[in-house]
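First up is the structure itself, then whatever we jot down about it.
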Amino acid sequence: MDIKKLLLAYLTAITFVSQAQRTGLIRGVIKDSGGSPIPSITIKLTGLAKVTTSNQRGEYLFSNVKSGNYTLIYSGVGFKTAEKKIEVKEGKESMLDVVLDDNTIELNTVTVVGRTEVQEVNRQSFNVTAVDAKQLYNSTLDLSSALDRVSGVRVRESGGVGSNFSLSLNGFSGNRIRYFIDGVPMDNFGSSFQINNIPINIAERLEVYKGVVPIWLGSDALGGAINIVTGNRFRNYVDASYSFGSFNTHRSVVNAAFTAKNGFTVRLNAFQNYSDNDYKVTVDAADIYTGAYKANAVVRRFHDNYHNETVIASVGVVGKKYADQLLLGLTLGKNYKELQTGARMVAVFGGWHRRGNIVMPTLKYRKTDLIKGLDVAINANYNLGKEQNIDTLSARFDWYGNSKPNPNGEGRGRSLSKYGNNNGLVSATVNYKISEHQAIALSNAFSTFYRKGTDAFNESFTQGQVRPRLNKNVLGVGYTYDVKDRWSASVFGKYLLQKTPGQATFNKLGYGLATSYFLTPKLQLKASYEQANRLPEANELFGDVELVQGNLSLKPEQSRNINVGFGYSFTAQEDHRFLVNANAIYRYSDNYIYSRFNQNQSALVLDNLEGVFTMGGEGELRYSYKKFLSAGATLTYQQLENRQQYVFDSNGNLIVSPVYKDQMPNIPYFFGNADASVTLRDIGQKGSVLNIGYNLLYVHAFWLYWPSRGGDKLSIPQQLSHDLNAVYSLKNGRYNIGVEVRNITDKRLYDNFSLQKPGRGFYMNLRYFFNSFKS
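Residue numbers (my numbering): 1 to 775.
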């Protein structure tokens with residue numbers, strides 16, 4: 001046996017030496033214009049489907065490269081893409097060091113980029129802003145908080161950690177904005193996986209599409225989309241962080257990956273959030289026993305605990321001839337949320353809570369140049385998770401935490417429901433590059449929804465005349481003509497089909513055009529038009545079993561959208577950099593789906609308006625000085641008018657609507673933010689970096705009800721919030737300590753009427769990052 005083992009070892013060594021003699025190595029170092037190494041740069045070796053990334057020292061390596069002539073493509077967020085040619089000889093090591101030019105303007109921990117990198121040809125003509133999430137890894141922000149700093153975006157939450165949220169993008173909000181993770185729709189991810197409970201460390205960047213959405217994001221988005229790009233920054237790494245702070249808030253994140261030389265890879269993302277959310281609020285309170293009433297009482301929330309835990313694991317291969325990426329995965333997660341109030345804080349709950357989980361197997365396949373010029377991507381998942389809505393106490397509560405038996409069941413009824421919003425998705429995208437300047441694309445996304453469950457206190461739960469079930473298909477086709485850095489145009493069409501068994505079938509056809517033109521290398525003009533459609537979602541048709549009542553009579557929305565804008569960047573005296581962006585929007589929507597309170601204002605009801613007109617604009621100004629100072633500001637204004645001219649009065653007579661041409665209620669129309677940061681290097685020890693930042697958020701007051709209604713319209717007051725943060729990094733980013741103070745002045749903040757958000761809070765974040773540089 002010893003002789004056999006020696007012989008096997010000898011043959012293996014001979015084979016290895018022979019292979020090494022027939023191949024060569026490519027290695028090098030990537031630096032910026034200032035001579036500093038650049039990590040996380042993607043390097044693609046054309047012709048061999050090999051891809052790697054630079055480590056913290058800017059180093060990269062390709063091994064076992066057959067002899068021949070090759071082209072290396074270097075790309076990374078914040079730097080201009082570069083191409084270099086190299087010759088590889090048998091048994092030799094080829095060195096190629098590269099200097100990349102900057103292509104960004106740095107913000108306060110956010111980098112705004114004119115175009116995304118993935119699918120660059122298709123995206124050139126779209127109005128898109130990319131946020132470099134890596135710059136926020138040492139903060140305690142979630143994805144929604146990062147998005148709230150982008151011009152034209154407003155994120156509204158009903159409370160603290162884990163509360164309900166709504167994102168507004170250029171006048172559109174709710175389900176009109178679609179969310180994706182690596183291009184896969186998140187419609188079926190459930191309550192355990194939402195952008196306001198996903199930590200920023202999960203993402204490599206966030207792509208915000210304003211207006212026209214490219215067809216490879218297969219959806220019926222009406223006016224915008226958010227794409228969370230997780231990327232593949234490192235082959236072997238561990239990135240772990242833990243933060244804690246006010247209101248007993250704890251967050252932790254672990255991201256890790258292992259990739260062998262043969263392409264076998266294992267990836268893991270895990271995170272958890274916990275908070276008591278026991279912050280103080282100012283309300284009008286009455287003692288449930290004595291009836292003693294006190295206006296503007298300061299009380300502490302006592303029933304608002306939230307926690308969630310999620311693990312995303314995948315295994316597969318990368319860098320193969322048949323697949324750049326082939327991964328089988330499983331997402332597991334659960335969440336628990338206590339509900340303190342209803343749609344307004346006049347209602348107080350002490351026993352109502354919800355639970356949910358996600359059990360979702362996934363498949364991801366991607367291949368560039370499957371045949372020359374043909375790129376293919378396929379994704380599939382199915383969520384088997386369950387949701388529970390629980391309130392079994394027959395009791396009434398007051399804001400002091402007192403409770404009183406309520407045997408008659410007045411107010412909110414009891415609930416003990418357990419149901420599955422089981423839904424699946426299969427999407428495929430094919431892109432074929434006809435020539436250097438032309439490409440065509442085809443995408444299709446099919447999704448299915450089926451809610452099945454029981455409620456011990458409601459026998460008719462999900463058992464009405466129409467079972468909660470629907471199927472939807474979105475088919476898109478597009479053509480792009482692109483002259484790099486000069487002119488680009490994309491035309492596309494979308495066909496939407498949705499079936500609700502026993503109720504309705506909708507067929508809608510949409511189309512659009514997006515184009516951009518560079519007047520000079522630094523001045524870009526953009527314009528787009530779309531005839532967009534959006535089909536009612538399951539939670540709109542059937543309700544969400546919590547605070548939204550279903551409406552099976554909802555009609556699909558239609559909108560004619562126009563976007564025009566420009567971006568201008570320039571440098572003064574070499575070290576002073578400026579960026580100016582401005583965009584104007586026009587929308588006219590038919591059958592606009594909006595929410596209003598039900599009769600007792602305990603829940604929301606969805607309905608259609610015949611028409612809503614939107615016009616507005618956004619602007620952004622950024623300035624940076626070397627790598628020392630960065631500052632900027634954004635401002636957004638949007639006028640949303642009700643254009644339904646005629647309504648029926650209580651007697652059934654057709655009259656002119658008293659709120660015709662009124663500003664749409666309960667929607668912010670004027671808001672913005674400003675930020676500034678200073679970066680100090682080699683403080684305390686060589687290689688350290690200290691970043692000190694400030695952020696301001698402003699939202700103008702807006703009406704809760706129709707302005708023409710008079711004194712009962714109420715208002716959500718003006719919001720002005722100040723945040724401070726500091727991050728100290730050691731050992732080239734291996735060890736990081738961050739501290740934050742949010743809402744420094746402890747102002748009362750409201751995103752929704754009377755639903756007060758947390759006051760001043762203090763937080764600390766500890767992060768460790770390690771990357772093993774292996775090819």
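Beta carbons are placed, not taken as given, at the ideal position from N, Cα and C, and that holds for glycine.
Remember, it's a predicted structure, so these values are computed and weren't measured experimentally.
If distances are taken between C-alpha atoms only, which option among Ser67, Gln325, Lys89 and Val99 comes closest to Phe79?
Selected option, being the one with the closest Cα: Val99.
Is DSSP giving Ser708 helix, strand or coil here?
Ser708 falls in the helix class under three-state DSSP.
State yes or no: is the C-beta of Leu268 within less than 8 Å of the C-beta of Ile200?
Their beta carbons are not under 8 Å apart, which means Leu268 does not touch Ile200 by this criterion.
Count Cβ pairs between the segment 286 to 301 and the segment 327 to 335 that sit closer than 8 Å; are there 3 or more?
The segment 286 to 301 vs the segment 327 to 335: no contact.
Nearest by alpha-carbon distance to Leu724: which of Ser708, Pro185, Asn743 and Gly733 is it?
Per the Cα distances, Asn743.
Kindly indicate which residue of Asp239, Leu704 and Ala146 has the alpha-carbon position closest to the one of Phe271.
The candidate whose alpha carbon is nearest that of Phe271 is Asp239.
Phe180 and Ala514: beta carbons closer than 8 Å?
Result no, Cβ atoms of Phe180 and Ala514 do not sit closer than 8 Å.
For chain B, is any of its Cβ atoms less than 8 Å away from the one on Arg301?
As a matter of chain content, chain B is missing from the structure shown, which is built from one protein chain.
Tell me the residue span of the beta strand (DSSP E) that contains Gly100.
Going by the sequence as given, residue 100 is Leu instead of Gly. Segment Val98 to Leu100, the beta strand (DSSP E) holding Leu100.
Counting pairs of Cβ atoms below 8 Å between the segment 545 to 554 and the segment 209 to 223, do you hit three or more?
No, they do not touch.
Can you list, in chain order, the residues of its chain whose CB lies under 6 Å from that of Thr368, leaving out five sequence neighbours each side?
Contacts found: Asp324 and Asp375.
In the DSSP assignment, find the alpha helix (DSSP H) that holds Glu540 and state where it starts and stops.
Note, Glu540: alpha helix (DSSP H), Ala538 to Phe542.
Considering only DSSP beta bridges, list what Val647 is partnered with.
DSSP output for Val647 lists Ile655 as bridge partner(s).
In whole angstroms, what is the alpha-carbon distance linking Tyr405 and Thr392?
At residue 405 the sequence reads Pro, which differs from the Tyr that was named. Straight-line Cα distance between these residues: approximately 12 Å.
Where does Asn170 fall in DSSP's three states?
DSSP places Asn170 in coil when its eight states are reduced to three.
Less than 8 Å separating the beta-carbons of Ala441 and Asn431?
Going by C-beta atoms, Ala441 is nearer than 8 Å to Asn431.
Alpha carbon to alpha carbon, what distance is there between Val311 and Val318?
Cα-Cα distance, rounded: 21 Å.
Could you spell out the range, first to last residue, of the beta strand (DSSP E) harbouring Ser144?
Taken as a continuous stretch (DSSP letters only), Ser144 belongs to no beta strand (DSSP E), being part of the alpha helix (DSSP H) at Leu143 to Leu147.
Could you give the distance in angstroms between the alpha-carbon of Phe302 and the alpha-carbon of Thr454?
Straight-line Cα distance between these residues: approximately 29 Å.
On the criterion of 16 or more Cβ atoms from any shown chain inside 10 Å, does Arg178 qualify as buried, or is it exposed?
Its Cβ being crowded by 16 or more others within 10 Å, Arg178 is buried.
Among the residues of its own chain, which have a CB less than 6 Å from the CB of Leu720, if the five just before and after it don't count?
The residues are Tyr698.
For Leu832, which three-state DSSP category applies?
The chain is shown only over 1 to 775; residue 832 falls outside these bounds and no answer can be derived.
Sorted by chain position, which residues of the same chain lie with C-beta nearer than 6 Å to Pro668's C-beta, five sequence neighbours on each side aside?
Only Arg154, Val699 and Phe702 meet the Cβ criterion.
Which residues does DSSP list as the beta-bridge partners of Tyr237?
BP columns for Tyr237 point to Ala257 and Asn771.
Which class does Lys134 belong to by DSSP, given the choice of helix, strand or coil?
DSSP places Lys134 in helix when its eight states are reduced to three.
Could you tell me whether the Cβ atoms of Tyr209 and Val128 are closer together than 8 Å?
Going by C-beta atoms, Tyr209 is nearer than 8 Å to Val128.
Kindly list the residues whose CB is nearer than 7 Å to the CB of Gly759, restricted to its own chain and excluding five residues on each side of it in sequence; keep chain order.
Same-chain partners within the cutoff: Tyr279, Lys280, Asn743 and Asp746.
Contact between the segment 178 to 198 and the segment 374 to 388 is defined here as three or more beta-carbon pairs at a separation below 8 Å; is this criterion met?
Yes, the segment 178 to 198 touches the segment 374 to 388.
Just to confirm, is the Cβ distance from Arg344 to Gln388 under 8 Å?
No.
Of all the options Asp675, Ser708 and Thr636, which has the alpha carbon lying nearest to the alpha carbon of Met664?
With distances taken between Cα atoms, Met664 lies closest to Ser708.
Rounding to the nearest angstrom, what Cα-Cα distance links Ser772 and Ser415 in this structure?
So the two alpha carbons sit approximately 52 Å from each other.
Out of curiosity, what's the CA-to-CA distance linking Val110 and Asp675?
Legend: pLDDT at Val110 = 48, less than 50; position of this residue unreliable, no value from coordinates given.
For Met615, which residues of its own chain have a beta-carbon under 6 Å away from its beta-carbon, when the five flanking residues on both sides are left out?
Cβ within range, chain order: Tyr586 and Gln639.
What are the boundary residues of the beta strand (DSSP E) that includes Asn335?
Segment Gln325 to Glu338, the beta strand (DSSP E) holding Asn335.
Go through the segment 501 to 583 residue by residue and report every complete run of the beta strand (DSSP E) that reaches 3 residues or more, in order.
The qualifying runs are 504 to 520, 523 to 534 and 557 to 572.
Pick helix, strand or coil for Phe180, following the three-state DSSP scheme.
If DSSP states are grouped into helix, strand and coil, Phe180 belongs with the strands.
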